[in-house]
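Peer 1: Those protein sequences? They're chains A and B, same order as listed.
Taking UniProt numbering, the leading residue of the first sequence gets 1, the next gets one more, and so forth.
Taking UniProt numbering, the leading residue of the second sequence gets 1, the next gets one more, and so forth.
Glycine included, each C-beta is placed from N, C-alpha and C at the ideal position.
One structure, as structure tokens, below. Some questions next.
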Amino acid sequence: MAEPSRNASTVAWPIAVTAGLLAGWEVIVRALGVRPIILPAPSEIVRVMIARHDVLLDNLWPSLTLTVLGFLLSVAGGIAVALLITYSRAFRLGFYPIIVVSQVVPKVSIAPLFIVWFGTGLVSNLMLAILVAFFPMTINAVMGFTSTDGDIHKMARAFMGSPAQIFWKIRLPNALPHIFAGMKISITLAIIGVIVSEFVASQEGIGYLIKLSSGLLDTPLMMAAITVLSLAGLALYGLIALAERRAVYWQPPADVGAGGG
Amino acid sequence: MTGSGGTALKNDPAADARPGPAPPPALDIRDLRKQYGELEAIRSVSLAVADGEFVSLLGPSGCGKSTLLMIAAGLSRASGGSVTIGGTAVTGPRRDTGVVFQAPVLLPWRSVLDNVLLPIEFQGLPRATYEPRARDLLRMARIDAFADALPHQLSGGMKQRAAICRALVHEPKLLLMDEPFSALDAITRDEMGVELLRLWQAFRKTVVFVTHSIREAAFLSDRVLVMGRRPATIVEEVAIDLPRPRQIAMTEDEAFNRHVRRLRRAIEENHG
Ligand SMILES: Nc1ncnc2c1ncn2[C@@H]1O[C@H](COP(=O)(O)OP(=O)(O)O)[C@@H](O)[C@H]1O
Ligand SMILES: [Mg+2]
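In structure tokens, the structure reads:
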């Protein structure tokens, strides 16, 4: 009996709080007459988002494309490297420590170096997205592939599973929750990588638009760009969470995972 | 001290009736040794289990029971001696054995039925042929209503029943069980013993059952082999001549308790 109301409130309550905060923001900005260049009201941001949707969308697509591309390459590369780490002892001993230690390096600080190497452009931006998104993906996938307990492997061998069967029927499904946890971290980091690289050097993209509007003191446009970026990030994250719920049907979605960037 | 091939057959009523040379024992272990580095886990164990016999290996934790069973299952290598099943040497896991572990180790993403059919998939056997058998097993284990459920929807006892069905689905001749009920509560445990005997009576597999429970060993077995402290040897062999089918009520009887006392004395003498 308590269940449905609890479920309803877990949805309704955060929405109510968010609405309250936005309303408070609106009221304060209007009451104090804060100038839009300092802090535009939410209604003003929405107005700009509608009025200037063309420039916002024109800059959203390049950022989104780079983010998705960097994310997909990170996922593919991360899983491939995780398999090497799982199945090759030499590779594991040689590279896994490097990968773990690299977690603490603030990787976006390498962005200027990438410009020296790859110039200002898409390659540079993509490389930075991959650089930040790849490592947490790899580490989570390794955790997934290696976390099957010894009993399961003993059972599989007892019933004569081949190494290939053990991979497809046991290791891979067992790794799925961890892989999705890694994907959720990676998509967020890929967005950060793209935006930072667009700050540093780019002629398009949401990061470029944020920097440009900041230079022009067009704070409402900047806030509109940030809002669009946040909504796009939420949508991407939501898609992954949705896929997770379908793929990992045997357990509730896990919010665990090694992060960093 | 240890059971030879000859003593193993004495509980097999069919053995006397069979003409010609006796068939090889279902499981024959001779002078088995196992060393884990410096640690000598098993010194010299010899035992033979006849076709259709239910034999328990009884001993306290750490005496080497699992080690012995895992070697028989082909999951671990002996350091010396020989292990044969149905007359052929054990060199690795094989089709004619089924194993039940202490934990059910079901795959959480597979339905109960698909978990039971895992050995069929692994061994490349036709699913269509074995699915009816798997369903029969689930029915006999009284969990057929959960065939399509995921393991997390089952109680501990039900999970272990599914694990037993999985160990039987590919029609092994020999069932190896390593303390399969020790994680269950006492009442469930008694029930599972009765259920296991029911399955055993229906299929007439040979069972080697590892346990540290004296009562469980006495209730289930035709014969109980008591293992001494590490390095393991077999210090006592007790034939349990209680009638079958066995019922929980029999554990109140003097005949049952005489066996229990004898087993307890054997353990105390060798482990106290
Ligand atoms: N893989 C292993 N490596 C080293 N020692 C082991 C290993 N497995 C078991 N042992 C040791 O061998 C002895 C017997 O263990 P085990 O066969 O598991 O006993 P039981 O099943 O009777 O409790 C114990 O002392 C245990 O610590
Ligand atoms: Mg054990």
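Can you give me the C-alpha to C-alpha distance between A/D255 and B/G193, rounded to a whole angstrom?
Peer 2: For A/D255, the predicted structure reports a pLDDT of 48, less than 50, and the residue's modelled location is therefore unreliable. The matter cannot be settled from this model.
Peer 1: With distances taken between CB atoms, is the gap from A/G182 to A/N140 smaller than 8 Å?
Peer 2: yes
Peer 1: Report the CB separation of A/F180 from A/V248 in whole angstroms; it is logged as a contact under 8 Å.
Peer 2: The beta-carbon distance between A/F180 and A/V248, rounded to whole angstroms, is 6 Å. This is short enough to meet the 8 Å contact definition.
Peer 1: Look up A/Y249 in the DSSP assignment and say whether it is helix, strand or coil.
Peer 2: Looking at A/Y249 - three-state DSSP - the assignment turns out to be coil, as it is neither helix nor strand.
Peer 1: Between which residues of its own chain and B/L168 is the CB-CB distance below 8 Å, once the five residues before and five after are set aside?
Peer 2: G98, L137, L175, L199, F203 and K205
Peer 1: Taking any Cβ of chain A, which residues in the region 115-134 of chain B have a Cβ under 8 Å from it, in chain order?
Peer 2: L118, P119, E121, F122 and Q123
Peer 1: Given 7 Å as the limit, tell me if B/D178 has its C-beta closer than that to any heavy atom belonging to ligand 2.
Peer 2: Checking the Cβ of B/D178 against ligand 2 gives yes.
Peer 1: Straight-line CA distance for B/E268 to B/D178?
Peer 2: 22 Å
Peer 1: Should A/P14 be labelled buried (16 or more other beta-carbon atoms within 10 Å of its own) or exposed?
Peer 2: exposed
Peer 1: Using 10 angstroms around the beta-carbon of A/P163, count the other beta-carbons present and answer buried if the total reaches 16, otherwise exposed.
Peer 2: exposed
Peer 1: Less than 8 Å between the C-beta atoms of B/L75 and A/K154, yes or no?
Peer 2: yes
Peer 1: Take every Cβ of the region 186-194 of chain A, pair it with every Cβ of the region 139-151 of chain B, and state whether three or more of those distances are shorter than 8 Å.
Peer 2: Proximity of the region 186-194 of chain A to the region 139-151 of chain B falls short of the contact definition, fewer than three beta-carbon pairs being nearer than 8 Å.
Peer 1: DSSP state of B/E38, grouped into three classes?
Peer 2: DSSP places B/E38 outside both helix and strand once states are collapsed to three, so it counts as coil.
Peer 1: Output yes if chain B places a C-beta closer than 8 Å to the C-beta of A/A158; else output no.
Peer 2: yes
Peer 1: Helix, strand or coil for B/T91? Go by DSSP, reduced to three states.
Peer 2: coil
Peer 1: To the nearest angstrom, how far is the alpha carbon of residue 269 of chain A from that of A/S230?
Peer 2: Because chain A here runs from 1 to 261, residue 269 of chain A falls outside it and cannot be looked at.
Peer 1: Applying the criterion that 16 or more other CB atoms from any shown protein chain within 10 Å of the CB defines a buried residue, is B/D222 buried or exposed?
Peer 2: buried
Peer 1: Quick one: which residues of the region 141-153 of chain A get their C-beta closer than 7 Å to a C-beta of chain B? List them in chain order.
Peer 2: D151 and I152
Peer 1: Using a threshold of 8 Å, state whether the C-beta atoms of B/V224 and B/V235 are closer than that.
Peer 2: no
Peer 1: Put A/E44 into one of helix, strand or coil per three-state DSSP.
Peer 2: helix
Peer 1: Consult DSSP for B/R142 and reduce its assignment to one of helix, strand or coil.
Peer 2: In the structure shown, B/R142 falls within a coil segment according to DSSP collapsed to helix, strand and coil.
Peer 1: Ordered along the chain, which non-local residues of its own chain (more than five positions away) have a Cβ less than 7 Å from that of B/G86?
Peer 2: P24, A26, D96 and K173
Peer 1: Can a CB atom of chain B be found closer than 8 Å to the CB of A/P220?
Peer 2: no
Peer 1: Compute the beta-carbon to beta-carbon distance between B/P93 and B/A73, rounded to the nearest angstrom, for a pair I have assumed lies under 8 Å.
Peer 2: 7 Å
Peer 1: Is A/K169 near ligand 1, in the sense that its beta carbon is under 7 Å from a heavy atom of that ligand?
Peer 2: no
Peer 1: Per DSSP, B/R33 is paired with what?
Peer 2: B/G80
Peer 1: Just to confirm, is the Cβ distance from B/V100 to B/I143 under 8 Å?
Peer 2: Taking a C-beta distance under 8 Å as the contact criterion, B/V100 and B/I143 do not qualify as a contact pair.
Peer 1: For chain B, is any of its Cβ atoms less than 8 Å away from the one on A/P253?
Peer 2: Note that A/P253 scores 47 on pLDDT, short of 50, meaning its location in the model is unreliable; the coordinates nonetheless yield the value given after this. By this cut-off, A/P253 is not an interface position.
Peer 1: For a contact meaning CB atoms closer than 7 Å, what does A/M155 contact in chain B?
Peer 2: F101 and V105
Peer 1: For B/W200 and chain A, any beta-carbon pair shorter than 8 Å?
Peer 2: No, its Cβ sits nowhere closer than 8 Å to a Cβ of chain A.
Peer 1: With a threshold of 6 Å on Cβ separation, who are the neighbours of A/L209 within its own chain once the five nearest residues in sequence on each side are excluded?
Peer 2: N59 and A225
Peer 1: Which of the three DSSP states, helix, strand or coil, is assigned to B/T129?
Peer 2: helix
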